[in-house]
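A.B. asks: Read left to right, the first sequence gives residues 1 to 739 (the UniProt record's numbering).
C-beta atoms are modelled at their ideal positions from N, C-alpha and C, and glycine is treated no differently.
For clarity, every value in this text was computed on a predicted model and none was experimentally measured.
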Amino acid sequence: MPSLTLLEIALPTPLRRRFDYLPPEDMSESELQRLSAGVLVRVPFGHQEMTGVLIQTKTHTDQNIEKLRPALAIIDQTPALDSALLELILWAADYYQCPEGEALSTALPVLLRQGEAAEERRETCWQLTTEGKGLPAGALKRSPKQALLLEALQAHNKLSRSDIAALEIPATIIKTLTDKGIIEKTFADETTPKTPASIFRQAPLTLSDEQQIAFDQISFGQFQVSLLDGATGSGKTEVYLQAIAKVLEHGQQALVLVPEIGLTPQTIARFQKRFAVEVAALHSGLNDRERLDAWLHARSGKARILIGTRSAIFTPMPALGIIIIDEEHDGSFKQQDGFRYSARDLAVVRANRLQIPLILGSATASLETLNNAQQGRYQHLHLHARAGNAKPAEIQLLDIRGQTLTEGFALDTKIAIGNEIAAGNQVLVFLNRRGYAPTLECHDCGWLANCPHCDVRMTVHQTPRHLHCHHCGHQRPVPHKCPSCKSSRLQPLGQGTERSEIALRDWFPNTPIIRVDRDSTRNKNAMDKILNEVHQGEPCILIGTQMLAKGHHFADVTLVVIIDADAGLFSTDFRGPERMGQLLLQVAGRAGRAEKSGRVILQSHHTDHPLVQTLFFKGYQAFADLILQERQITQLPPFRYLALLRAETKRPEIALEFLKLARHEAESIFPSSPQLNYLGPLPAMIERRGDRFRFQLQFNSAQRKPLHLLLTQLVEKLDANALSKRVRWAVDVDPSEMG
DNA sequence: AGCACGCCGACT
DNA sequence: GTCGGCGTGCTC
């Protein structure tokens with residue numbers, strides 16, 4: 001008698017264990033033998049049904065065999081995840097102390113999780129119905145667009161959605177003709193992908209000497225991490241493109257990760273213009289079906305290049321030959337909830353396992369990466385020259401201590417903006433705070449508009465006029481009278497982009513003022529419209545948040561104004577100064593990119609602060625070295641390894657009690673020592689958020705290994721404790737935000 | 001996490 | 001009389 005085969009499955013629950021199932025009832029023994037890890041399985045779970053990932057088949061279970069239920073179905077015989085990727089995800093779940101099932105489900109496209117078959121969709125097309133075919137040429141004359149579509153279909157038999165769009169026929173016409181019974185939906189013919197004669201659509205550029213030297217240092221076919229260090233416009237992208245060309249020539253695939261706001265149609269177009277191979281993109285603008293399609297194309301090898309944001313690091317690519325991470329210092333590579341992984345760090349692991357090169361590009365590399373380069377673990381490649389012979393911008397630190405500011409602008413700043421506009425140039429004003437003003441204050445009693453659910457002030461917004469909490473989303477009307485003293489003298493306090501926009505409009509009534517922040521670009525295509533307008537090159541003033549600093553090129557901007565260079569200098573988060581430096585340099589880099597030379601004005605109350613001085617007069621490397629020295633003294637990353645145990649509850653005592661227990665347990669596993677020590681429980685930076693009180697316990701270790709060991713044992717202990725069920729808690733390994 | 005079951009307050 | 005509040009218990 002053959003021994004019973006059981007399925008060990010990881011399910012998307014926070015429960016840190018796997019579940020055993022009997023095979024589906026209709027499954028034959030031979031089919032069962034062929035099952036491999038990574039296959040998706042539909043199973044009953046409690047009163048629900050869910051999709052899990054098969055980890056292995058086995059013959060023994062520690063459960064009562066009577067309790068096992070049969071799985072419902074194997075979704076697809078071919079594994080959704082190949083074994084290398086499955087192992088990477090399981091490794092990451094362990095490293096980040098995240099339940100396996102949760103990690104696996106973050107890594108899988110939503111549709112697969114919902115039980116959809118992992119099949120490529122055939123493109124929908126439209127064709128003429130029998131009735132439609134009976135229509136004479138030149139019919140439907142009264143509607144030119146309808147006639148055009150009819151004519152096109154008479155000529156081409158089948159047209160896809162994009163074919164029709166290319167004829168400038170709106171989607172409503174498709175619906176009208178479908179309703180009239182003239183056309184009908186069908187599928188595209190199965191096309192065999194044609195192998196392009198050349199991988200190039202456009203010949204590669206000739207590399208500069210510096211680019212060539214950098215490129216020559218990249219070794220293919222083996223594990224190697226390169227920090228490609230060069231300012232915006234120094235030609236990093238050309239090095240990426242040629243490195244990609246190299247792996248494509250070997251029949252391999254390339255994975256490119258970019259920051260969340262960096263994945264614009266222009267970015268994708270840049271790769272498509274160069275290469276004649278299929279380029280797939282994974283970004284937040286896609287719907288679930290489009291995501292699955294891009295994912296499937298990468299997995300089948302049809303797509304040779306995949307460009308994506310953070311989660312694209314988990315895409316199966318059977319012939320991956322290189323990983324490139326652009327703007328590697330960007331915070332969006334670390335997920336901030338659920339499975340708190342760092343795509344950049346996992347890229348190092350993935351590249352190492354596959355023995356392929358990884359390129360980390362940045363002009364303002366993270367201190368972790370810089371330190372790795374200094375220690376010789378990564379090679380450090382430099383690109384100094386700015387493309388097109390552009391001169392570096394001239395930096396002016398404007399000391400605003402004691403100066404009268406109108407709407408946040410010093411008089412000199414205002415004059416400089418006016419001069420630049422008069423000379424026919426464009427100006428960029430950077431203020432990293434959206435809304436009209438950070439809060440509302442009562443001039444008579446000092447009342448401040450606090451959020452009823454969080455320990456933060458509510459931001460005043462002007463259009464539409466309301467108070468908005470940027471932490472929980474709570475909104476309310478702006479009061480006419482002070483709720484505390486009934487005074488009507490309520491005034492907005494501080495400066496936001498909306499307010500600066502209004503002030504600039506008032507001062508420069510004949511110049512277009514273009515605001516760029518999350519509010520002004522909320523609508524689809526809003527950003528494209530803005531970019532088009534700016535690229536016309538007419539004089540204008542751009543005012544916006546960090547959205548302006550990342551990714552977009554404004555060739556005609558000759559003056560960059562930074563309203564408040566001090567934000568971040570004294571932040572509670574130890575990474576504040578590092579982030580400030582990266583952001584300021586990025587903004588400053590927007591000036592003078594073309595023939596025109598640029599100028600940057602930084603308004604600051606701390607022009608003589610050593611970090612500010614170093615950053616602007618000695619450069620980023622010196623600035624980074626200064627911070628690194630500090631980090632070494634204060635025992636912080638990258639010299640030490642951190643983890644946080646975060647806990648939140650509606651009643652503060654419970655979260656606090658939970659963390660006290662956690663600390664006690666931690667002490668009993670590893671007594672606190674200089675090698676591995678504990679801090680807390682402490683209240684989070686914003687103690688109450690969305691009506692929940694938040695606390696955290698900090699772990700600081702000289703090495704990764706003991707910290708990981710401690711966390712694993714601690715989580716197990718906590719999981720077994722009843723208190724843990726009454727608390728929303730999570731471990732954050734290598735946290736990027738300490739709040 | 002979901003989702004059930006289970007025992008106490010204000011309303012169609 | 002019910003609808004529904006969230007406490008707690010379970011999921012192979």
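Tell me which same chain residues have a C-beta within less than 6 Å of the C-beta of residue 256, skipping the five on either side of it?
C.D. replies: To locate residue 256, count along the first sequence from 1; it is residue 256. Once the five neighbours on either side are set aside, the close Cβ partners of residue 256 are 307, 324.
A.B. asks: Would you check if the stretch 475 to 484 and the stretch 417 to 434 touch, i.e. whether three or more CB-CB distances between them fall below 8 Å?
C.D. replies: Touching, no.
A.B. asks: Return the CA-CA distance between residue 451 and residue 687, expressed in angstroms with no decimal places.
C.D. replies: As a working note, residue 451 is residue 451 in the first sequence. As a working note, residue 687 is residue 687 in the first sequence. When rounded, the distance between both Cα atoms is 13 Å.
A.B. asks: What residue range does the alpha helix (DSSP H) around residue 126 cover?
C.D. replies: On the first sequence, residue 126 is found 126 positions in, with the first residue counted as 1. Residue 126 -> not in any alpha helix (DSSP H); beta strand (DSSP E) instead, spanning 124 to 128.
A.B. asks: For residue 362, which of helix, strand or coil comes out of DSSP?
C.D. replies: As a first step, residue 362 must be located in the first sequence, where it is residue number 362. Strand at residue 362.
A.B. asks: Quickly, what does DSSP pair residue 399 with across the bridge? List them, please.
C.D. replies: As a position in the first sequence, residue 399 is number 399, starting the count at 1. Looking at the DSSP assignment, residue 399 forms a beta bridge with 604.
A.B. asks: Quick check on the burial criterion: 16 or more other C-beta atoms within 10 angstroms. Buried or exposed for residue 747?
C.D. replies: Residue 747 lies beyond the residue range present for the chain, which begins at 1 and ends at 739; the question has no answer from this structure.
A.B. asks: I'd like the list of long-range same chain contacts for residue 1, defined as Cβ closer than 7 Å, with 5 residues on each side in sequence excluded.
C.D. replies: Counting from one through the first sequence, the residue named residue 1 turns up at place 1. Because residue 1 carries a pLDDT of 44, less than 50, the predicted location of this residue cannot be relied on, and no value is offered for it.
A.B. asks: Along the chain, where does the alpha helix (DSSP H) containing residue 407 start, and where does it finish?
C.D. replies: Locating residue 407 in the first sequence gives position 407, where the first residue counts as 1. Run containing residue 407: none; DSSP gives neither H nor E here.
A.B. asks: Does residue 278 come out as helix, strand or coil in the three-state DSSP assignment?
C.D. replies: Counting from 1 along the first sequence, the entry for residue 278 is found at position 278. Residue 278: strand per DSSP, three-state reduction.
A.B. asks: What is the DSSP secondary structure of residue 291, counted as helix, strand or coil?
C.D. replies: Within the first sequence, the letter at position 291 stands for residue 291. Reduced to three states, the DSSP call for residue 291 is helix.
A.B. asks: Pull the bridge partners of residue 450 from the DSSP assignment, please.
C.D. replies: Translated into positions along the first sequence, residue 450 becomes position 450. According to DSSP, which records beta bridges pairwise, residue 450 is partnered with 457.
A.B. asks: Rounded to the nearest angstrom, how far is the Cβ of residue 398 from that of residue 601, given a contact under 8 Å?
C.D. replies: Here residue 398 refers to the residue found at position 398 when the first sequence is read from its first residue. Here residue 601 refers to the residue found at position 601 when the first sequence is read from its first residue. That belief holds up - the Cβ atoms of residue 398 and residue 601 are roughly 5 Å apart, short of 8 Å.
A.B. asks: Return the chain-ordered list of same chain residues with a C-beta closer than 8 Å to the C-beta of residue 723, the five sequence neighbours on each side being excluded.
C.D. replies: Here residue 723 is taken as the residue at index 723 of the first sequence, counted from 1. Cβ neighbours of residue 723 beyond the five flanking positions: 654, 657, 658, 661.
A.B. asks: Please classify residue 141: is it buried, with 16 or more other beta-carbons within 10 angstroms of its beta-carbon, or exposed?
C.D. replies: Locating residue 141 in the first sequence gives position 141, where the first residue counts as 1. Its Cβ having fewer than 16 others within 10 Å, residue 141 is exposed.
A.B. asks: So residue 414 packs on residue 507, CB below 8 Å; how close in whole Å?
C.D. replies: What you label residue 414 is simply residue 414 of the first sequence in a count that begins at 1. What you label residue 507 is simply residue 507 of the first sequence in a count that begins at 1. Contact holds; Cβ gap of about 7 Å.
A.B. asks: Name the DSSP bridge partner or partners of residue 677?
C.D. replies: Taking the first sequence and counting its residues from 1, the one referred to as residue 677 is at position 677. Its beta-bridge partners are 700.
A.B. asks: Taking the alpha carbon of residue 563 as the reference point, which residue from 270, 50, 433, 24 has its own alpha carbon closest?
C.D. replies: Against the first sequence, residue 563 aligns to sequence position 563. Here the closest residue by C-alpha is 433.
A.B. asks: Under the assumption that residue 271 contacts residue 89 (Cβ atoms under 8 Å), give the Cβ distance between them as a whole number of angstroms.
C.D. replies: For the purposes of this step, residue 271 is taken as the residue at position 271 of the first sequence. For the purposes of this step, residue 89 is taken as the residue at position 89 of the first sequence. Contact flag wrong, Cβ pair sits at about 26 Å.
A.B. asks: According to DSSP, simplified to helix, strand and coil, what is residue 187?
C.D. replies: Within the first sequence, the letter at position 187 stands for residue 187. Of the three classes helix, strand and coil, the one that applies to residue 187 here is strand, per DSSP.
A.B. asks: Would the beta-carbon of residue 7 fall within 8 Å of that of residue 57?
C.D. replies: Indexing the first sequence from 1 puts residue 7 at position 7. Indexing the first sequence from 1 puts residue 57 at position 57. Yes, Cβ-Cβ distance for residue 7 and residue 57 is below 8 Å.
A.B. asks: Within 10 angstroms of its Cβ, does residue 34 collect 16 or more other Cβ (buried), or is it exposed?
C.D. replies: Numbered from its first residue, the first sequence carries residue 34 at position 34. Per the 10 Å Cβ criterion, exposed.
A.B. asks: What is the DSSP secondary structure of residue 1, counted as helix, strand or coil?
C.D. replies: Sequence index remark: in the first sequence, residue 1 carries index 1 (1-based). For residue 1, the predicted structure reports a pLDDT of 44, less than 50, and the residue's modelled location is therefore unreliable. A value from the coordinates is still provided. In the structure shown, residue 1 sits in coil (DSSP, three-state: anything other than H, G, I, E or B).
A.B. asks: Mind checking who residue 21 pairs with in its DSSP beta bridge?
C.D. replies: Within the first sequence, residue 21 is the residue found at index 21, counting from 1. The partner list for residue 21 (beta bridge, DSSP) reads 7.
A.B. asks: Which whole runs of the beta strand (DSSP E) in the stretch 197 to 236 are 3 residues long or more, in chain order?
C.D. replies: The qualifying runs are 224 to 230.
A.B. asks: Can you find the residues in the same chain that come closer than 6 Å, C-beta to C-beta, to residue 574, ignoring five residues on each side of it along the sequence?
C.D. replies: Along the first sequence, one-based indexing puts residue 574 at 574. So the qualifying residues of the chain are 636.
A.B. asks: For residue 29, is the classification buried or exposed, using 16 other Cβ atoms within 10 angstroms of its Cβ as the cut-off for buried?
C.D. replies: Here the question's residue 29 lines up with position 29 in the first sequence. Exposed, since its Cβ has fewer than 16 Cβ neighbours within 10 Å.
A.B. asks: Considering just the uninterrupted stretch of the beta strand (DSSP E) at residue 492, what are its terminal residues?
C.D. replies: To locate residue 492, count along the first sequence from 1; it is residue 492. Here the beta strand (DSSP E) through residue 492 covers 490 to 493.
A.B. asks: For the 8 Å Cβ check, are there 3 or more pairs between the stretch 363 to 375 and the stretch 326 to 337?
C.D. replies: The answer is yes - the stretch 326 to 337 touches the stretch 363 to 375, with three or more Cβ pairs under 8 Å.
A.B. asks: Which one or two residues does DSSP pair with residue 732 in a beta bridge?
C.D. replies: Position 732 of the first sequence holds residue 732. Residue 732 is bridged to 644.
A.B. asks: Could you check the C-alpha separation between residue 499 and residue 435 for me, to the nearest Å?
C.D. replies: Start at 1 with the first residue of the first sequence, and residue 499 comes out as number 499. Start at 1 with the first residue of the first sequence, and residue 435 comes out as number 435. So the two alpha carbons sit approximately 7 Å from each other.
A.B. asks: Please state whether the Cβ-Cβ distance between residue 103 and residue 93 is less than 8 Å.
C.D. replies: For the purposes of this step, residue 103 is taken as the residue at position 103 of the first sequence. For the purposes of this step, residue 93 is taken as the residue at position 93 of the first sequence. Closer than 8 Å, so yes.
A.B. asks: Can you give me the C-alpha to C-alpha distance between residue 729 and residue 645, rounded to a whole angstrom?
C.D. replies: Translated into positions along the first sequence, residue 729 becomes position 729. Translated into positions along the first sequence, residue 645 becomes position 645. Going by the C-alpha atoms only, they are around 7 Å apart.
A.B. asks: Can you list, in chain order, the residues of its chain whose CB lies under 7 Å from that of residue 572, leaving out five sequence neighbours each side?
C.D. replies: On the first sequence, residue 572 is found 572 positions in, with the first residue counted as 1. These residues qualify, in order along the chain: 685.
A.B. asks: Tell me the rounded alpha-carbon separation between residue 678 and residue 697.
C.D. replies: As a working mapping, residue 678 is identified with position 678 in the first sequence. As a working mapping, residue 697 is identified with position 697 in the first sequence. Computed Cα separation, rounded: 7 Å.
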